[in-house]
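Let me begin by presenting the structure, written as structure tokens, before commenting on it.
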Amino acid sequence: MRRYLHFIGGTPRPARSGRWLDVFDPAIAKPYAEVAAGDAADIDDAVAAARAAFPHWSGLPATERARWLERLADALDARTDDFAHAESRDGGKPLRLAREIEIPRAVANLRFFAHAATQFASESHHGQAGLNYTLRAPLGVVAAISPWNLPLYLFTWKIAPALAAGNTVVAKPSEITPATASMLGELAAEIGFPSGALNIVHGLGQEAGEALIDHADIAAVSFTGSTAVGQRITARMAPRLKKVSLELGGKNPTLVFADSDWRTHLDVIVRSAFQNSGQICLCGSRLLIERTIYAEFRDAFVQHALALRVGDPMDPDAQMGPLVSQAHFDKVVAALERARAEGARVLCGGHALQRPGWFVAPTVIEGLGPDCATNRDEIFGPVATLQPFDDDAQALTLANASDYGLAASIWTTRLDRAHRIAASLNVGMVWINTWLMRDLRTPFGGVGQSGLGREGGHEAMRFFTDAKNIGIAL
Ligand code: NAD
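The sequence shown begins at 297 in the numbering used here and counts up by one.
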């Protein structure tokens, strides 16, 4: 059985305790590998390695750090196929999605922040009070904790800016999908990436994760995951006043107006609800539809959902695979039962598939208002709800009826409406007549229960540095 190792001080190695955790193939619901079960002892080793590496790594010219990130990107790029297979098996995502989008985006993250390293500059302010200039220094050893839904993509989204800015990193990937982070560690070892700059410790959140955030030598934590764990991390870190960046859950609205070209965009709107089995924080799980087109849109949307090819993630034709784990499958199935208990009309799906693996049919639900749990709690599965609205004001009220505030999409041909609504939505990111269009320079993140802080571009480089302002009287 394949064993996924830590990567500490430049070397792949097992946990000090010698313990392992099972890693499951979600398409058959059986273990296919084991991952090192890290704990405080491994975290201590990794933080010590990162501390020892900090003077060298942070002292390299930015162009040298950029070259290392580019080399890692080249090595990953050359192995896209292997990584896509591993990602697909580990998380149950369609191979095509992993090969065409997620691994290439991980490569792009590394390249983007390699460039950012060389472009990041200090600011200066002149004229109000002498001359001020602002130095930005790396923080030291930083922690990166990432989830299972886009494993390598979100892992590289954190480690790349942290390293680019001159920090050394201890990263903890999700124990549910450790494969590609572990393979990236092996690649780093192969290319001779400076030892100790990047360290990877696997393990459970409550063991490796908590030991990492509790470690006195960690200067900051960049976390992506559930709101509940984000709150827990913030509470634990508060007494030490360390920087925390939180990218958390979502319950994103999709607003479809009667004047939109919704028929042309239907494929994208359906994808926005069901891509990766709805296990993307940016998925639009609450569809709000203008009443005059409600029935027609609903029927077309359901037809498209029914036509999604759900199957073995390795099948090149599969558009949707299983959910990632038994626990997550149980959570989504319980949410479907709760929706029925709340009075939902299930228009399609609403059940698990009768086959091995954690498959749930694409599900479309109507008849529930904004206050029920189905429309308030994050389900993070292939479950979309439909609600009608009569005018812009009601659309906005429904869209904002959420404690979350990550993203939204607006579908309309009216420019004035699109911009007015976009400005009034309580979210961090809005797409107009598109979804998941990413420019890595833009601020990424949410408001309310969706998180604190922003990633991407300069926002990430600023998070991973401390500013020191220096003023001179002129
Ligand atoms: P999770 O919170 O269970 O786990 C995320 C990571 O935190 C894992 O590595 C886990 O081991 C670790 N962890 C768990 N408990 C911990 C603790 N007490 N201390 C330290 N670390 C701990 O989340 P998940 O189930 O892996 O991911 C799904 C969630 O992530 C969803 O809520 C989704 O919306 C969210 N998400 C958000 C974004 C975003 O950018 N906003 C992106 C992707 C996923």
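Note that CB positions come from ideal geometry on N, CA and C, so glycine has one too.
For the pair of segments examined, the stretch 728-741 was found not to touch the stretch 681-700: the number of CB pairs separated by less than 8 Å stays below three.
Judged by DSSP in its simplified three-state form, Glu662 adopts strand.
A direct Cα-Cα distance of roughly 30 Å separates Ala669 from His715. Here the alpha carbons of Ser478 and Trp558 stand approximately 42 Å from one another.
A straight-line Cα-Cα distance of about 18 Å links Ala425 and Ser418. In this structure, the C-beta of Ile661 stays at least 7 Å away from each heavy atom of ligand 1.
Within 10 angstroms of the beta-carbon of Ser621 lie 16 or more other beta-carbons, which makes it buried. Glu396 counts as exposed, since fewer than 16 other beta carbons sit within 10 angstroms of its beta carbon. Inter-residue distance for Phe416 and Val679 is about 41 Å (C-alpha atoms, whole angstroms).
A buried status is given to Ser442, since no fewer than 16 other beta-carbon atoms sit within 10 Å of its beta-carbon. Ile766 counts as exposed, since fewer than 16 other C-beta atoms from the protein chains shown sit within 10 angstroms of its C-beta. Within the model, the alpha-carbon separation for Arg582 versus Val566 is close to 12 Å. A heavy atom of ligand 1 is found nearer than 7 Å to the CB of Gly501. With respect to Leu584, Leu562 sits apart: the two C-beta atoms are not nearer than 8 Å.
Rounded to the nearest whole angstrom, the CA to CA distance from Leu450 to Ala769 is 44 Å. Three or more beta-carbon pairs separated by less than 8 Å link the stretch 473-487 to the stretch 367-383, which places the two stretches in contact. Shown here for Ala358: same chain residues with a beta carbon closer than 6 Å to its own, the five before and five after excluded, namely Ala413 and Thr414 in chain order. Excluding the 5 residues flanking it on each side, Ala323 has same chain C-beta neighbours closer than 6 Å at Gly388, Asp608, Pro609, Pro618 and Gly653, in chain order. 8 Å or more divides the Cβ of Ser568 from the Cβ of Leu368.
Going by C-alpha positions, Asp370 is about 42 Å away from Arg672. Under the three-state reduction of DSSP output, His498 falls in the coil class, being neither helix nor strand.
For Leu583, the enclosing beta strand (DSSP E) stretches over residues Gly580 to Glu586. For the stretch 666-745, the continuous beta strand (DSSP E) assignments of 3+ residues that do not extend past its boundaries occur at 679-685, 703-707 and 725-728, in sequence order. In terms of side-chain proximity, the C-beta atom of Pro443 is found nearer than 7 Å to a non-hydrogen atom of ligand 1.
The beta carbons of Val438 and Ala516 sit closer together than 8 Å. Asp712 and Leu406 have their C-alpha atoms roughly 37 Å apart. Annotated three-state conformation of Arg309 is strand, per DSSP. Pairing Asp386 with Asn428, the inter-Cα distance amounts to about 50 Å. Counting only runs of at least 3 residues, the stretch 584-616 fully encloses no beta strand (DSSP E) element at all. Assignment of beta-bridge partners to Cys644 by DSSP yields Val660.
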